[in-house]
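Participant:
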Amino acid sequence: MSRGKIDLNNNQQQNEQSVDMGQMTTPSMNVEESISTTKNLYGGEITNEKLRKVVHELLDTEITYCQALDQLMTLYLDPLLKCSALKDLDSRILIGSIPSVIITQNQFREDLTTIINKDDLNIEGIAKYILCITC
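One point on numbering: in full-length UniProt numbering, the residue at position 21 of the sequence shown is 21, and numbering is uninterrupted.
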């Protein structure tokens, strides 16, 4: 194997070890170093202001999603459960696990809000929390 191929393979392995979030960082960099020195794949810098916007967009999206789920339950599913047109079993099958999804999403939104209110650039804390709840 030629030296060029070895270097290419080493670079490829290093890039696979670092987290790919649209940016290239070295595996040994901590989050703060990578934030201050990172450029995205398109050449633009990833600034604290851009990170703040992304974090707040995530939270805003989660808030909107939780509101939509609450409306779904209030406007459609609760009346359907109270209606005698469907058998109890049919309505439970139709609704399924939506109530537990609503509870889980509201808890996620509350926890995310707490993390962001403490420090809206706590990318590592947000990432750890998301990893924790998905395992």
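Every residue, glycine too, gets a C-beta built ideally from N, C-alpha and C. Predicted model, so just to flag it, every value in this text is computed and none were measured.
Near residue 73, which residues of its chain fall below 8 Å by C-beta distance, leaving aside the five closest residues on each side in sequence?
Facilitator: As a position in the sequence shown, residue 73 is number 73, starting the count at 1. Hits under 8 Å: 98, 99, 102.
Participant: Between residue 115 and the rest of its own chain, which residues show a CB-CB distance below 7 Å, the 5 nearest in sequence each way excluded?
Facilitator: As a first step, residue 115 is located in the sequence shown; it is residue number 115 there, counting from the start. Excluding sequence neighbours, residue 115 sits near 122, 125, 126, 129.
Participant: Can you list the alpha helix (DSSP H) stretches of 4 or more residues lying completely in the segment 63–114, in chain order?
Facilitator: Fully enclosed alpha helix (DSSP H) runs of 4 or longer: 78–82, 88–95.
Participant: Just the Cα atoms here: how many angstroms apart are residue 63 and residue 109?
Facilitator: For this step, residue 63 is matched to residue 63 along the sequence shown. For this step, residue 109 is matched to residue 109 along the sequence shown. Cα-Cα distance, rounded: 7 Å.
Participant: For residue 81, I'd like the list of residues in its chain whose CB is within less than 8 Å of its CB, leaving aside the five on either flank, ordered along the chain.
Facilitator: Counting from one through the sequence shown, the residue named residue 81 turns up at place 81. The answer, listed in chain order, is 91, 95.
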